[in-house]
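Visitor: For what it's worth, our numbering labels the leading residue of the sequence shown as 9, then goes sequentially.
Where a beta carbon is used, it is the ideal one built from N, C-alpha and C, also for glycine.
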Amino acid sequence: MFSPKMRHSSFFCSVLCIAACTIVTRAANILVFMPLPLKSHFRGFQPLFEELSHRGHNVTVVSSFPLDRPINNYTDIGPFINKERVRNVMELVNMNFITSAQLKWKLGIQLSETVMSHENMKKFLQSSSNSFDLVMIETFCQEYTVAMGHKFNAPVINLAPAMLWVSVSKWLHVPSTFSYIPDVCLQTAGDMDFVDRLKNTITGLIQSYVENYIYLPKMKEVMNKYITYEGWESRPPLERMLNNVSLTLVNSNYAIGVARPYLQGVVEVGGMHLKTPKSLPENLQTILDAADEGVIFFSFGTVVNLNDLPKEKLKIFLNVVQKLKQKVILKWVPKDNVKLSKNIMTGSWFPQNDILAHPNVRLFITHGGLHSIEETVNNAIPIVGVPFFADQYLNIKIVEQQGYGKLVNFFEMTEESFENAVKEVLSNARFKEMAMVQSQVFKDQPMKPLDRAVYWVEYVLRNGGAEHLKSDSLELNDLQYFLLDVSVIILVLTGLIIWSCYLIVAKCISKKLNTA
Numbered sequence: 009m010f011s012p013k014m015r016h017s018s019f020f021c022s023v024l025c026i027a028a029c030t031i032v033t034r035a036a037n038i039l040v041f042m043p044l045p046l047k048s049h050f051r052g053f054q055p056l057f058e059e060l061s062h063r064g065h066n067v068t069v070v071s072s073f074p075l076d077r078p079i080n081n082y083t084d085i086g087p088f089i090n091k092e093r094v095r096n097v098m099e100l101v102n103m104n105f106i107t108s109a110q111l112k113w114k115l116g117i118q119l120s121e122t123v124m125s126h127e128n129m130k131k132f133l134q135s136s137s138n139s140f141d142l143v144m145i146e147t148f149c150q151e152y153t154v155a156m157g158h159k160f161n162a163p164v165i166n167l168a169p170a171m172l173w174v175s176v177s178k179w180l181h182v183p184s185t186f187s188y189i190p191d192v193c194l195q196t197a198g199d200m201d202f203v204d205r206l207k208n209t210i211t212g213l214i215q216s217y218v219e220n221y222i223y224l225p226k227m228k229e230v231m232n233k234y235i236t237y238e239g240w241e242s243r244p245p246l247e248r249m250l251n252n253v254s255l256t257l258v259n260s261n262y263a264i265g266v267a268r269p270y271l272q273g274v275v276e277v278g279g280m281h282l283k284t285p286k287s288l289p290e291n292l293q294t295i296l297d298a299a300d301e302g303v304i305f306f307s308f309g310t311v312v313n314l315n316d317l318p319k320e321k322l323k324i325f326l327n328v329v330q331k332l333k334q335k336v337i338l339k340w341v342p343k344d345n346v347k348l349s350k351n352i353m354t355g356s357w358f359p360q361n362d363i364l365a366h367p368n369v370r371l372f373i374t375h376g377g378l379h380s381i382e383e384t385v386n387n388a389i390p391i392v393g394v395p396f397f398a399d400q401y402l403n404i405k406i407v408e409q410q411g412y413g414k415l416v417n418f419f420e421m422t423e424e425s426f427e428n429a430v431k432e433v434l435s436n437a438r439f440k441e442m443a444m445v446q447s448q449v450f451k452d453q454p455m456k457p458l459d460r461a462v463y464w465v466e467y468v469l470r471n472g473g474a475e476h477l478k479s480d481s482l483e484l485n486d487l488q489y490f491l492l493d494v495s496v497i498i499l500v501l502t503g504l505i506i507w508s509c510y511l512i513v514a515k516c517i518s519k520k521l522n523t524a
């Protein structure tokens, strides 16, 4: 038996040990500066902002998507768009690997002018009462946001909404080899043939070099026009500030993406938004529980509206799902009084992750958005994917390669091809088995993605910007980084040696001929 004095000593030692082993980060003032109305980009990282506020940090979020309900330590500033943008998805479907870069440039310039000239934004930028210990930004279409780090003399964390695109890789000197790492918007995956590699190289060079001369100067104009403060004239060039970010958090995961090398300052945190499924509304719960033949969930997300599709394509989707014996939950609000079979339930919105978690769900028909893929893999549901634009084709191509889904090309789709894909995935148990395997791989992580993201944010705070995470190669220019200067010298020396050998041989031959 321990005496009371010994118990107290033991308890005191335990407390000291716990305290010694606990990494403490003081509460910080954090600025999230993501003003553009790119909803899926923002929503992917919003759980991180909320979690940081729950852990005691004061988080100020400058965005176009304020919280529905306020929470402690979380301050919204925005929105900066007076009306919601409406875009017909067919405008995006027709893009190719070159026009997608042009659209990005145009979109970035137009939206940036709109949000940065908004009165709410001007008030925030002109306020002299703000002070921040850390700045978190997104640089897609808004590279100028990196200047907020200089304004507040704070380290910067870049938030990448999907696998790193080439321009970001170049800023950070992260390897982005065109031979096997596909561009996010290229319609291919790791099995690139010669034509694919040629396209990938062209779009990579456009983002690496052409963008610097056509697009970035426009971003500099936006930065110098709107982000002005005492001392702004002496801030480093935009390219240098983009090189100098402390950390990049990437909303991707190698289990459902491309296996590629990253440096220490680049951390994958894909799946942060995944939460424990909630109880379904009573009507949905009843339908799912009673579906003896199973349920198919059909949703193309928030951007793709089925009513915008060509009528013949919409007809294909409806004809096929009405033939099925499974119950179909379809995210769609018909424009006209369309008569649908009894197995179809339509609605403007459904709790996607909660539905996918139900054991009676047999298949997910999706456009292939990253968050949809993450939720599907997390719940081990097979996929039939119909990609439209951006990274969707790459996502579904990877799904098909990993064996838990089928890709249906929207342009080439017929009623027969779509029906065959749906029936094959439903009838072949291999797709479900591979979905379960991939789900296990996706979940097999040493810590949850959200906890990992929080850890690295606080790591940067604890370590004064974590300069040691940056690559030493950032001090090199392209000639030095790619060893072009060394290669030229080697080629010149090799040429001189060959020429010298030629002269020696020629002289020897000449002597022999003369003596003969």
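1. For H158, is the classification buried or exposed, using 16 other Cβ atoms within 10 angstroms of its Cβ as the cut-off for buried?
2. CB L255 to CB I165, shorter than 8 Å?
3. So does the segment 209 to 216 actually touch the segment 177 to 189, counting three or more Cβ pairs closer than 8 Å?
4. Pull up the CB-CB distance for D399 and L415, whole angstroms please, since I reckon it's below 8 Å.
5. Of the residues C516, N37 and L56, which one's Cα is nearest the Cα of V277?
6. Hey, could you find the ends of the alpha helix (DSSP H) N315 is sitting in?
7. Between the alpha carbons of H281 and H49, how many angstroms are there, rounded?
8. Can you grab the Cα-Cα spacing for the pair R470 / V329, in whole Å?
9. Pick out the complete beta strand (DSSP E) segments inside the segment 180 to 260, 3 residues or longer, and give them in chain order.
10. With T374 as the anchor, note down where its alpha helix (DSSP H) starts and where it stops.
11. Can you give the Cα-Cα distance for I352 and L246, rounded to whole angstroms?
12. Between which residues of its own chain and L322 is the CB-CB distance below 7 Å, once the five residues before and five after are set aside?
13. Report the rounded CA-to-CA distance for R34 versus S139, giving the unit in angstroms.
14. Is the segment 213 to 230 touching the segment 435 to 447 in the sense that three or more CB pairs, one from each, lie closer than 8 Å?
15. Does the segment 479 to 493 come close enough to the segment 162 to 181 that 3 or more CB-CB pairs lie under 8 Å?
16. Rounded to whole angstroms, how far is the Cβ of L296 from the Cβ of H375, which I believe are closer than 8 Å?
17. In three-state terms, what does DSSP make of F71?
18. Among the residues of its own chain, which have a CB less than 6 Å from the CB of V449, if the five just before and after it don't count?
19. If you count every other CB in all the chains shown that lies within 10 Å of the CB of E383, and 16 or more means buried, which is it?
20. List the DSSP bridge partners of L332.
21. Consult DSSP for L501 and reduce its assignment to one of helix, strand or coil.
22. Look at the alpha carbon of V394 and the alpha carbon of Y401, and state the distance between them as a whole number of angstroms.
23. In chain order, which alpha helix (DSSP H) runs of at least 4 residues are fully inside the segment 431 to 492?
24. Return the CA-CA distance between S72 and K343, expressed in angstroms with no decimal places.
Guide: From the atom records:
1. buried
2. yes
3. yes
4. Incorrect: roughly 14 Å between the Cβ atoms, too far for contact.
5. L56
6. Unbroken run through N315: none, as it is neither H nor E.
7. 12 Å
8. 54 Å
9. 255 to 258
10. T374 -> not in any alpha helix (DSSP H); beta strand (DSSP E) instead, spanning V369 to T374.
11. 52 Å
12. L314
13. 16 Å
14. no
15. yes
16. Going by Cβ atoms, the distance from L296 to H375 rounds to 22 Å, so no, they are not a contact pair.
17. For the sequence presented, residue 71 should be read as Ser rather than Phe. Strand, per DSSP.
18. A263
19. buried
20. Partner(s): none; L332 has no beta bridge.
21. helix
22. 8 Å
23. 437 to 451, 457 to 470 and 486 to 489
24. 29 Å
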